[in-house]
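With our numbering, you'll find the sequence shown wraps up at 202, consecutive numbering, no jumps. Working notes, structure below.
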Amino acid sequence: MTEEQSRLFTAPVVFWLAESKYETGFRPVAVYEDETPVGFAVYVVHEDGTGEIEAVMIDQRHQGRGHGRAAMEQLVGRLRDRYGCREAVLSHRTANYPAARLYESMGFRALGGEEGVVVRRLAL
(Lines of atoms letter the chains of each structure in order from A and count residues from 1; the text may use other names and numbers.)
(Lines give C-alpha, C1' and ligand atoms only; values in the text may rest on other atoms or scores of the structure.)
Protein backbone atom coordinates (compact mmCIF):
# COMPACT_ATOMS: atom_id res chain seq x y z
CA MET A 1 0.00 0.00 0.00
CA THR A 2 1.08 3.57 -0.53
CA GLU A 3 1.57 5.90 2.42
CA GLU A 4 -1.73 7.62 1.57
CA GLN A 5 -3.53 4.27 1.48
CA SER A 6 -2.05 3.35 4.85
CA ARG A 7 -3.87 6.34 6.30
CA LEU A 8 -7.14 5.07 4.80
CA PHE A 9 -6.83 1.58 6.26
CA THR A 10 -7.18 1.30 10.00
CA ALA A 11 -5.65 -2.17 10.33
CA PRO A 12 -2.55 -3.77 8.77
CA VAL A 13 -2.47 -7.32 7.41
CA VAL A 14 -0.99 -8.66 10.64
CA PHE A 15 -4.12 -7.49 12.50
CA TRP A 16 -6.40 -9.45 10.16
CA LEU A 17 -4.26 -12.58 10.48
CA ALA A 18 -4.27 -12.35 14.28
CA GLU A 19 -8.00 -11.62 14.31
CA SER A 20 -8.69 -14.70 12.17
CA LYS A 21 -7.27 -16.87 14.97
CA TYR A 22 -9.95 -15.59 17.36
CA GLU A 23 -12.83 -14.80 15.02
CA THR A 24 -13.61 -18.17 13.49
CA GLY A 25 -15.65 -16.60 10.69
CA PHE A 26 -12.74 -14.56 9.31
CA ARG A 27 -11.30 -16.13 6.18
CA PRO A 28 -7.98 -14.56 5.14
CA VAL A 29 -6.66 -15.24 1.63
CA ALA A 30 -3.51 -14.22 -0.22
CA VAL A 31 -3.63 -12.61 -3.65
CA TYR A 32 -1.03 -13.92 -6.11
CA GLU A 33 0.43 -13.04 -9.48
CA ASP A 34 1.65 -16.40 -10.68
CA GLU A 35 3.53 -17.61 -7.57
CA THR A 36 4.31 -14.16 -6.16
CA PRO A 37 2.13 -12.85 -3.32
CA VAL A 38 0.93 -9.36 -4.26
CA GLY A 39 -1.89 -8.73 -1.82
CA PHE A 40 -4.25 -9.88 0.85
CA ALA A 41 -7.99 -10.10 1.42
CA VAL A 42 -10.29 -11.23 4.22
CA TYR A 43 -13.97 -12.08 4.14
CA VAL A 44 -16.73 -13.41 6.39
CA VAL A 45 -19.74 -15.54 5.51
CA HIS A 46 -22.71 -14.73 7.73
CA GLU A 47 -25.50 -17.18 8.56
CA ASP A 48 -28.09 -14.98 6.85
CA GLY A 49 -26.52 -15.59 3.42
CA THR A 50 -24.50 -12.38 3.32
CA GLY A 51 -20.83 -12.41 2.40
CA GLU A 52 -18.86 -9.52 3.86
CA ILE A 53 -15.60 -8.47 2.26
CA GLU A 54 -13.66 -7.01 5.17
CA ALA A 55 -10.49 -5.94 3.36
CA VAL A 56 -8.66 -6.13 0.05
CA MET A 57 -5.11 -4.79 -0.03
CA ILE A 58 -2.64 -4.88 -2.93
CA ASP A 59 1.06 -4.11 -2.43
CA GLN A 60 1.84 -0.71 -3.96
CA ARG A 61 4.49 -2.24 -6.25
CA HIS A 62 1.75 -4.33 -7.88
CA GLN A 63 -1.07 -1.81 -8.06
CA GLY A 64 -2.52 -0.70 -11.37
CA ARG A 65 -2.19 -4.16 -12.92
CA GLY A 66 -5.72 -5.43 -12.31
CA HIS A 67 -4.94 -7.43 -9.16
CA GLY A 68 -7.57 -5.63 -7.08
CA ARG A 69 -10.29 -6.29 -9.65
CA ALA A 70 -9.20 -9.90 -10.10
CA ALA A 71 -9.21 -10.44 -6.33
CA MET A 72 -12.66 -8.89 -6.00
CA GLU A 73 -14.05 -10.98 -8.86
CA GLN A 74 -12.69 -14.14 -7.24
CA LEU A 75 -14.06 -13.19 -3.83
CA VAL A 76 -17.51 -12.41 -5.21
CA GLY A 77 -17.48 -15.67 -7.18
CA ARG A 78 -16.40 -17.63 -4.12
CA LEU A 79 -19.11 -16.08 -1.95
CA ARG A 80 -21.76 -16.89 -4.55
CA ASP A 81 -20.60 -20.31 -5.80
CA ARG A 82 -18.92 -21.93 -2.81
CA TYR A 83 -20.99 -20.48 0.02
CA GLY A 84 -24.31 -19.73 -1.69
CA CYS A 85 -24.34 -16.11 -0.53
CA ARG A 86 -27.18 -13.99 -1.88
CA GLU A 87 -25.39 -10.69 -1.43
CA ALA A 88 -21.95 -9.25 -0.79
CA VAL A 89 -21.35 -6.19 1.35
CA LEU A 90 -18.28 -4.11 2.02
CA SER A 91 -17.32 -0.70 3.27
CA HIS A 92 -14.58 1.77 2.47
CA ARG A 93 -13.46 5.24 3.45
CA THR A 94 -15.15 7.94 1.40
CA ALA A 95 -11.71 9.33 0.51
CA ASN A 96 -10.63 6.02 -1.04
CA TYR A 97 -11.63 7.02 -4.57
CA PRO A 98 -9.86 4.16 -6.40
CA ALA A 99 -11.77 1.62 -4.28
CA ALA A 100 -15.04 3.47 -4.85
CA ARG A 101 -14.53 3.42 -8.63
CA LEU A 102 -13.68 -0.29 -8.60
CA TYR A 103 -16.65 -1.27 -6.46
CA GLU A 104 -19.07 0.87 -8.49
CA SER A 105 -17.77 -0.61 -11.74
CA MET A 106 -18.47 -4.10 -10.35
CA GLY A 107 -22.06 -3.18 -9.49
CA PHE A 108 -21.75 -2.48 -5.76
CA ARG A 109 -24.34 0.15 -4.82
CA ALA A 110 -23.96 2.60 -1.96
CA LEU A 111 -26.33 2.04 0.96
CA GLY A 112 -25.10 4.92 3.09
CA GLY A 113 -22.82 4.59 6.06
CA GLU A 114 -21.32 6.52 8.91
CA GLU A 115 -19.32 9.71 8.63
CA GLY A 116 -16.31 9.07 6.42
CA VAL A 117 -17.38 5.52 5.50
CA VAL A 118 -19.49 4.20 2.61
CA VAL A 119 -21.28 0.85 2.89
CA ARG A 120 -21.97 -0.94 -0.40
CA ARG A 121 -24.03 -3.96 -1.44
CA LEU A 122 -24.00 -6.27 -4.46
CA ALA A 123 -26.81 -8.74 -5.14
CA LEU A 124 -25.36 -12.10 -6.14
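For every residue, glycine included, the Cβ atom is placed at its ideal position computed from N, Cα and C. Computed from a prediction, not measured in an experiment: that's the story for all the values here.
Straight-line gap, residue i to residue j (C-alpha atoms, nearest Å)
| i | j | result |
| --- | --- | --- |
| alanine 166 | arginine 143 | 24 Å |
| valine 206 | glutamate 151 | Outside the shown range of the chain (79 to 202) lies residue 206, about which nothing can therefore be said. |
| leucine 200 | isoleucine 131 | 11 Å |
| arginine 164 | glycine 129 | 8 Å |
| arginine 105 | arginine 156 | 12 Å |
| serine 169 | arginine 160 | 22 Å |
| glycine 185 | tyrosine 100 | 32 Å |
Where the beta strand (DSSP E) containing residue i begins and where it ends
| i | result |
| --- | --- |
| arginine 171 | 165-171 |
| glutamate 111 | 104-111 |
| glycine 129 | 128-136 |
As assigned by DSSP and simplified to three states, the class of residue i
| i | result |
| --- | --- |
| leucine 180 | helix |
| arginine 160 | coil |
| arginine 198 | strand |
| arginine 147 | helix |
| glycine 191 | coil |
| glycine 155 | helix |
Cβ shell of residue i (< 7 Å), same chain only, five flanking positions each side left out
| i | result |
| --- | --- |
| serine 84 | No answer about serine 84 holds up, because its pLDDT of 48 lies below 50 and its placement is not dependable. |
8 Å contact criterion, which residue i and residue j should meet: CB distance rounded
| i | j | result |
| --- | --- | --- |
| isoleucine 136 | valine 109 | 7 Å |
| valine 194 | arginine 179 | Sequence inspection shows glycine at residue 194; the valine mentioned does not correspond to that position. In fact, because the Cβ distance is near 18 Å, the residues do not count as touching under 8 Å. |
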